[in-house]
Structure formats: structure tokens, C-alpha cells
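Engineer:
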Amino acid sequence: MATANDGTPAKSRPGRRWAKSADLLAQGKLKLRPAKSGQTPQQLVYTKLREMILNSKLQPGEWLRQEQLASLFGVSRTPIREALRMLSQEHLVEFVTNYGVRVVPLSWEEFEELYAMRIGLEGLAARLAAEQATPSDVAELRKLLAAITTLADGTDLWTYLREEWHFRLRCYAITGREQLIQRIRNLREHAERYLRLAYNVEGKMQESLDFHRKLLEAIAIHDGAAAERINQEALRWTLANAGPVVRASQALQRPLDKAAGD
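One rule links them: number in the working numbering = place in the sequence shown (from 1) + 774.
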């Protein structure tokens, strides 16, 4: 979709929800600390904005002012604009004709579609992993499971989900199916902000962990059918737990979009 030349809103209408950049500015500029050496300002801004979207500091449907973001991060508009374009490729922000850039609203239809594909592909990957796993594969998975078991007792969801994903990827790596794994990676990236919504009450990390325990045991005894079923149940669990949150967010966004379009 097209946008104003500088990516900022050309118009303002009722129903627009602006990101609370001004509130953040009042607290001082954000410090962009490189996660990896040699990262460019564009990459640093991209990483931070992505994190802010995923942890809901920037809410679905909120509009972003590039000049405020530039001031917030202490950079020029160029890395802001390029970071936003990178985020648009992940469908986390969108450029709207004549209005600017906003965080993409949550969509039940998108969520359901993403998880239908994940259920199929990750079920297959789990079955193949169970059929092919060696004793050393199982030993390594047990170490990874021990790490996420400790995290499940805490409150650091960000770290838990990162390590949980490492466990899953290690399972899938057993298959040696590079194209399958890459498709799974791409879907997981697009689904990440929906995934986090499944952990909206206390105890959900422990529920999630239980699926991982069962999956590992199925892999350890080379029960491909059980591994496939358990992995698919885990993904359906996410769909069931996050679904009401997604639908509620979508219902709130619709009248705002209508007001903005009137």
C-alpha cells in the first residue's frame, strides 16, 4: 500500500489511535544497545520496534509517527523508515495510503490460517523426528527440556518462549528436512505475536511445558503417531487460549477503522 512521501500521516480522522510515543519521550530517549556487533542503526531500531510490538508496548491498530520515533531512538528518520519497511515484510506494521504507518491489527482469520498451516507442518516434523531420533538427539533434547522447565516456574515469558522455540527447532532439525524447517520458521515468525496471547493468565507456561514433556517421551520411544498428535494438540492449545483475545481485539478495532474511513 502507498503512503505519504515521508511515511507520516497525511490526514487525521476520528477513530485514530496514536502510539504513545510522547509518553515514552517524556521518560527520555531509549538506548539502542547492539545485540550483535556491527549492527546498523536500522537493524537496532527494527529489533527494538519489533520487541515493542510483540510485547504490546505498541498496540495493534496504533499509528506510528516517524518523527516521534526518530526522537525517541535518537536517530534520523532514515533508519526509522527502513526499519518500518522491514517490519511491514513481517506483517507487523502496514503503510496505509494517505495516512501513514500503523501496527497491523490482530485478525482471527490470519491467526486461524497461520495455525492451520503450523499444525500440518509441525505435526509432520514431530512424526519424522520421532522416527529418526538417535540416543544423542534424545539426550540433547532432555538438556533443553531441563532448561525450559526451570523457566516455566518464573515470570519471564520472553525468555521462556525463546528457549521453548529452541527446543522445538532442535526436534525438527532431527528430520534433516531443510525446506520443511524453513517453512516452519517463517510461519512461527509471523505467528509470534499471536502466540504470546495464549499466556494471558498464570499457569500457562506450565501447561505448555507439559506438552513438551509428552513430545520428548514420544520421540524417545520412536512413536511417530504420538509425537505428531501431541505437537498438534500443543498448537491447538495456543489457538484455543489466544483465540478469545484475538477476537476481542478485532471487535474493538472494527469501529475505529470504520470511524477513520468515514
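Backbone N, C-alpha and C define an ideal beta-carbon position, used for all residues, glycine too.
Distance check for residue 914 and residue 921, CA to CA, integer angstroms please.
Structural biologist: For the purposes of this step, residue 921 is taken as residue 147 along the sequence shown, with counting starting at 1. For the purposes of this step, residue 914 is taken as residue 140 along the sequence shown, with counting starting at 1. Residue 921 and residue 914: Cα-Cα distance of roughly 11 angstroms.
Engineer: Taking DSSP as the reference, what is the three-state secondary structure of residue 864?
Structural biologist: In the sequence shown, counting from the first residue as 1, residue 864 sits at position 90. The answer is coil: DSSP assigns residue 864 none of H, G, I, E or B.
Engineer: Over the uninterrupted alpha helix (DSSP H) stretch that includes residue 951, give me the two end residues.
Structural biologist: Locating residue 951 in the sequence shown gives position 177, counting from the first residue. Counting along the chain, residue 951 falls outside any alpha helix (DSSP H), and DSSP gives it neither H nor E.
Engineer: Go ahead and label residue 822 buried or exposed: buried means 16 or more other beta carbons lie within 10 angstroms of its beta carbon, across all protein chains shown.
Structural biologist: Here the question's residue 822 lines up with position 48 in the sequence shown. Burial call: buried.
Engineer: Below 8 angstroms on the Cβ atoms is my guess for residue 923 versus residue 983; work out the distance and round it to an integer in Å.
Structural biologist: Looking up residue 923 in the sequence shown gives position 149. Looking up residue 983 in the sequence shown gives position 209. About 6 angstroms separates the two Cβ atoms, so the contact holds.
Engineer: Taking Cβ to Cβ, would you say residue 892 is nearer than 9 angstroms to residue 818?
Structural biologist: By 1-based counting over the sequence shown, the position of residue 892 is 118. By 1-based counting over the sequence shown, the position of residue 818 is 44. No; because the gap between Cβ atoms is not below 9 angstroms, this pair is not in contact.
Engineer: Is residue 874 buried or exposed, if buried means 16 or more other CB atoms sit within 10 Å of its CB?
Structural biologist: In the sequence shown, counting from the first residue as 1, residue 874 sits at position 100. Flag for residue 874 reads buried.
Engineer: Residue range of the alpha helix (DSSP H) that residue 812 falls in?
Structural biologist: On the sequence shown, residue 812 is found 38 positions in, with the first residue counted as 1. Per DSSP, residue 812 belongs to no alpha helix (DSSP H) and is neither H nor E.
Engineer: Do residue 877 and residue 827 have their beta-carbon atoms positioned less than 9 angstroms apart in this structure?
Structural biologist: Locating residue 827 in the sequence shown gives position 53, where the first residue counts as 1. Locating residue 877 in the sequence shown gives position 103, where the first residue counts as 1. Their beta carbons are under 9 angstroms apart, which means residue 827 touches residue 877 by this criterion.
Engineer: Leaving out five residues on either side along the sequence, give the residues of the same chain with a beta carbon under 6 angstroms from the beta carbon of residue 967.
Structural biologist: Residue 967 sits at position 193 when you count from the first residue of the sequence shown. Result list for residue 967: 828, in chain order.
Engineer: Alpha carbons only, please: which of 834, 855, 832 and 835 is nearest the one belonging to residue 841?
Structural biologist: Here the question's residue 841 lines up with position 67 in the sequence shown. Of the candidates 834, 855, 832 and 835, the one whose C-alpha sits nearest the C-alpha of residue 841 is 855.
Engineer: In terms of residues, what are the limits of the alpha helix (DSSP H) holding residue 897?
Structural biologist: In the sequence shown, residue 897 corresponds to position 123, counting from 1. 882-906 is the extent of the alpha helix (DSSP H) around residue 897.
Engineer: Give the single residue among 1021, 956, 820 and 970 whose Cα lies nearest to the Cα of residue 1012.
Structural biologist: Here residue 1012 corresponds to residue number 238 of the sequence shown, with the count starting at 1. Cα-wise, what sits closest to residue 1012 is 970.
Engineer: Can you give, in chain order, each stretch of the alpha helix (DSSP H) that sits fully within the stretch 921-969 and has at least 4 residues?
Structural biologist: Counting only runs of 4 or more, we get 931-947.
Engineer: With 9 angstroms as the threshold, decide whether the Cβ of residue 970 is near any Cβ in chain D.
Structural biologist: The chain labelled as chain D is not found in the depicted structure, where only one protein chain is given.
Engineer: Could you give the residue range of the alpha helix (DSSP H) that holds residue 987?
Structural biologist: In the sequence shown, residue 987 corresponds to position 213, counting from 1. Residues 978-994.
Engineer: Report all residues from its chain with a CB closer than 8 angstroms to the CB of residue 816; omit the five preceding and five following residues, and keep chain order.
Structural biologist: What you label residue 816 is simply residue 42 of the sequence shown in a count that begins at 1. Counting only Cβ-Cβ distances below 8 angstroms, and skipping sequence neighbours, we find 852, 853, 856, 857 and 860.
Engineer: According to DSSP, is residue 876 helix, strand or coil?
Structural biologist: Looking up residue 876 in the sequence shown gives position 102. Strand, per DSSP.
Engineer: Take the Cβ of residue 1020 as the centre, count every other Cβ of all protein chains shown within 10 Å, and call the residue buried at 16 or more, exposed below.
Structural biologist: Here residue 1020 corresponds to residue number 246 of the sequence shown, with the count starting at 1. The residue in question, residue 1020, is buried, as its Cβ has 16 or more Cβ neighbours within 10 Å.
Engineer: Expressed to the nearest angstrom, what Euclidean distance is found between the alpha-carbon atoms of residue 866 and residue 964?
Structural biologist: Indexing the sequence shown from 1 puts residue 866 at position 92. Indexing the sequence shown from 1 puts residue 964 at position 190. Their backbone Cα atoms lie some 8 angstroms apart in a straight line.
Engineer: Below 8 angstroms, can you find three or more Cβ-Cβ pairs linking the stretch 999-1006 to the stretch 899-907?
Structural biologist: yes
Engineer: So residue 1038 packs on residue 980, CB below 8 angstroms; how close in whole Å?
Structural biologist: Not covered by the structure: residue 1038. The range shown for the chain is 775 to 1036.
Engineer: Based on Cα-Cα distance, which residue from 956, 1027, 894 and 943 lies nearest to residue 1006?
Structural biologist: Reading the sequence shown from its first residue, position 232 is the one you call residue 1006. Residue 894 is the option with its Cα nearest to residue 1006.
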